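Peer 1: My structure is below; once you've seen it, I'll send some questions.
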Amino acid sequence: MKYGNQSLVVVANRLPVDRCEGSWSPSPGGLVSAVAPMVKESRGAWIGWCGTSDEEFEPFEFDGMHLVPIALGSDEYDKYYEGFSNATLWPLYHDLVVPPQFHRSWWKTYLSTNARFAQAAVDAAAHEATIWIHDFHLQLVPEMIRAQRPDVRIGFFNHIPFPSESIFAQLPWRDSILRGLLGADVIGFQLDSDVENFRSAVSRFLGISSEELPNTVRAYPISIDADAIHRVAEAEETQHRARQMREELDDPRCLIVGVDRLDYTKGILHRLRAYHELLEDGVLDPQETTFVQVAVPSREGLESYQDLRDEVEQLVGNINGSFGAMDRAAVHYFHHSYSFESTVALYLAADVLLVTSLRDGMNLVAKEYVAARHDSGALVLSEFAGAAAELDEALLVNPHDIAGLKDAIRLGAEMPPAEAQRRMASMAEVVDGHDIHRWARAFLDDLRPMPPTRAPTTAE
Ligand code: F6P
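The numbering of the sequence shown is my numbering, which starts it at 1 and goes up by one.
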């Protein structure tokens, strides 16, 4: 057997870098800040898609990491990324917020693309290496690697929810997905409920009870780089930018903020409806209240995302049409991304942050807001976001209950400073004590000392 020379290999859909105007720059985001330091420390490798279709790049060194770009042809982009990952699995794993689409040709390409990621990992991994696979795009990779490399330790972490057994049942290829995941020694999910859902599915569809499973299956709730947020939040520049933002918005008595990818799982329409009604009811005064919604463009090739954009923009238009004035908007809507520093400044400027996900694996925006604020500000948080399990001092809401959501926004807008301070300080303790580094260490500590799991049966 020919081995590669990397002792730690991370496999994720995306590389930790973006290609921009002919050069590579580190990509923002939780996964990168969590995992990249570990990869650098052990001079390991990261296998992932370079982010553009039909472009091929040779492996290269970047900031102490060996990066192995996987090129996706336009057919793979359509069927593996936009199709099976984002139009089949994404809605299925987020409780059918939109109907998932099942196409055999997408599945075939998911299989062959997973095989290419797996082969790259097999080629890179040293004897007895540790391989850590991330997320729903690559659920077949653990078994595919295991079939060739009984010597390696394999971990898989799912960043999004794992659906209940009755929803997962819809997937025509459910058995293959489960067998794919069972190729890993350690299978990690965000919450205990995801672990339970996975165990039930394995029991029902593969007939393997929890007691019989040789794998470690556990919840590892992901977090953020709290120190990085503190550093930026404490910088004079950021605080100045936050004050400036408020001034530019005409210094409202209450600034309500939402920061999300423009995704139908985030409940952006629900929060806009609630805000609209609060203005209509006269509970919030548009002269004193402003709402800023940052909606970062995402998966723009998919119809469901285009439809959502149309609906959001129409509703923003309606609200501004009714409640805006020459010199002020009731909703400031931005359909572009913000730098990390500007996002933290916006957190500092906000009086109330709205996280109203209809379903969310964790939601790191909620944790970032808490880390940035530490002892002020109000957080309205959906009970369907994984973060609600830890941030129980937030104003927890069911975003489908518009009356309840309105109450929570009103409470947030009127929260006395002493109460805001007590709630936020208690949540900050949770976030600071369970940061991203602790998350990554917990997973790798479980993974590293384990003997490899026996190879399961092959995928269909
Ligand atoms: O949280 C799930 C996830 O797929 C992340 O891996 C990713 O950062 C985010 O959603 C955005 O998705 P995409 O990679 O499709 O732009």
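A virtual CB, placed ideally from N, CA and C, is assigned to each residue, including glycine. Only a predicted model underlies this, so the values are computations on that prediction, with no experimental measurement involved.
Tell me the start and end of each unbroken alpha helix (DSSP H) in the stretch 96-140 that is at least 4 residues and wholly inside, in chain order.
Peer 2: 104-124
Peer 1: Hey, out of Pro37, Ser322 and Gly404, whose CA is closest to Ser382's CA?
Peer 2: Gly404
Peer 1: Tell whether a beta-carbon distance below 8 Å holds between Phe340 and Val217.
Peer 2: no
Peer 1: Below 7 Å, is the gap between the Cβ of His276 and the nearest heavy atom of ligand 1?
Peer 2: The nearest non-hydrogen atom of ligand 1 is 7 Å or more from the C-beta of His276.
Peer 1: Cβ of His159 versus every heavy atom of ligand 1: is any distance shorter than 7 Å?
Peer 2: yes
Peer 1: Are at least three pairs of beta-carbons, each pair with one atom in the stretch 226-240 and one in the stretch 264-279, less than 8 Å apart?
Peer 2: no
Peer 1: Would you kindly work out how many angstroms separate the C-alpha atoms of Val97 and Ala129, rounded to a whole number?
Peer 2: Cα-Cα distance, rounded: 39 Å.
Peer 1: In terms of residues, what are the limits of the beta strand (DSSP E) holding Ala468?
Peer 2: Residue 468 lies beyond the range of the chain shown here (1 to 460); nothing can be said about it.
Peer 1: Taking Cβ to Cβ, would you say Ala394 is nearer than 8 Å to Leu411?
Peer 2: no
Peer 1: Take the Cβ of Cys50 as the centre, count every other Cβ of all protein chains shown within 10 Å, and call the residue buried at 16 or more, exposed below.
Peer 2: buried
Peer 1: Where does Tyr305 fall in DSSP's three states?
Peer 2: Correct three-state label for Tyr305: helix.
Peer 1: With a threshold of 16 other CB atoms inside 10 Å of the CB of Pro456, please say whether the residue is buried or exposed.
Peer 2: Since pLDDT at Pro456 reaches only 47, below the 50 mark, its modelled position is unreliable, and the value read off the structure follows with that caveat. A residue is called buried once 16 or more other Cβ atoms fall within 10 Å of its Cβ, and Pro456 is buried on that count.
Peer 1: Report the residue from Trp24, Gly83, Val35 and Ala413 whose alpha carbon sits nearest the alpha carbon of Phe57.
Peer 2: Trp24
Peer 1: Ends of the beta strand (DSSP E) at Trp49?
Peer 2: Ala45 to Ser53
Peer 1: Hey, quick one: how far does the beta strand (DSSP E) through Arg19 stretch, first residue to last?
Peer 2: Val17 to Cys20
Peer 1: What are the start and end residues of the beta strand (DSSP E) that includes Val331?
Peer 2: Val331 to Phe334
Peer 1: On a CA-only basis, which of Ala408, Asn158 and Ile222 is nearest Phe198? Give me that one, please.
Peer 2: Asn158
Peer 1: CB-CB under 7 Å to Ala118, same chain, minus the five flanking residues each way: which ones, in chain order?
Peer 2: Val141, Met144 and Ile145
Peer 1: Can you tell me whether DSSP reads Phe384 as helix, strand or coil?
Peer 2: coil
Peer 1: Measure the alpha-carbon distance for Asn320 versus Trp107 and round it to whole angstroms.
Peer 2: Cα to Cα, the separation comes out at about 43 Å.
Peer 1: Ordered along the chain, which non-local residues of its own chain (more than five positions away) have a Cβ less than 6 Å from that of Ala12?
Peer 2: Gly48 and His134
Peer 1: Mind checking whether the beta-carbon of Gly361 lies closer than 7 Å to any heavy atom of ligand 3?
Peer 2: Ligand 3 is not part of the structure shown, which contains ligand 1 as its ligands.
Peer 1: On the DSSP letters alone, give me the boundaries of the beta strand (DSSP E) that Thr289 sits inside.
Peer 2: Thr289 to Val296
Peer 1: Buried or exposed: which applies to Pro399, given that a residue is buried once 16 or more other Cβ atoms fall within 10 Å of its Cβ?
Peer 2: buried
Peer 1: Put Ala442 into one of helix, strand or coil per three-state DSSP.
Peer 2: Ala442 falls in the helix class under three-state DSSP.
Peer 1: Assign Val152 to one of three DSSP states: helix, strand, or coil.
Peer 2: coil
Peer 1: With a Cβ-Cβ cutoff of 8 Å, do Val331 and Val355 count as a contact?
Peer 2: no
Peer 1: Locate the alpha helix (DSSP H) running through Ser25, then write down its first and last residues.
Peer 2: No alpha helix (DSSP H) contains Ser25, which is instead part of the beta strand (DSSP E) from Ser23 to Pro26.
Peer 1: Three-state secondary structure (DSSP) at Val11?
Peer 2: strand
Peer 1: Helix, strand or coil: which one does DSSP assign to Thr238?
Peer 2: helix
Peer 1: Looking at C-alpha atoms only, which residue of Ile222, Lys406, His240 and Gly4 is the closest neighbour of Ala468?
Peer 2: Past the edges of the chain, shown from 1 to 460, lies residue 468, and the structure says nothing about it.
Peer 1: Please return the same chain residues whose Cβ sits closer than 8 Å to the Cβ of Ala413, not counting the five positions on each side in sequence.
Peer 2: Cys254, Ile256, Leu284, Thr289, Asp351, Val352 and Ala378
Peer 1: Please report the Cβ distance between Ala219 and Phe189, rounded to the nearest whole angstrom; I am assuming they are in contact, meaning their Cβ atoms lie under 8 Å.
Peer 2: 5 Å
Peer 1: Any idea what DSSP makes of Arg423, helix, strand or coil?
Peer 2: Helix at Arg423.
Peer 1: Leaving out five residues before and five after Phe205 in sequence, what residues of the same chain have Cβ atoms less than 7 Å from its Cβ?
Peer 2: Arg174, Asp175 and Leu178
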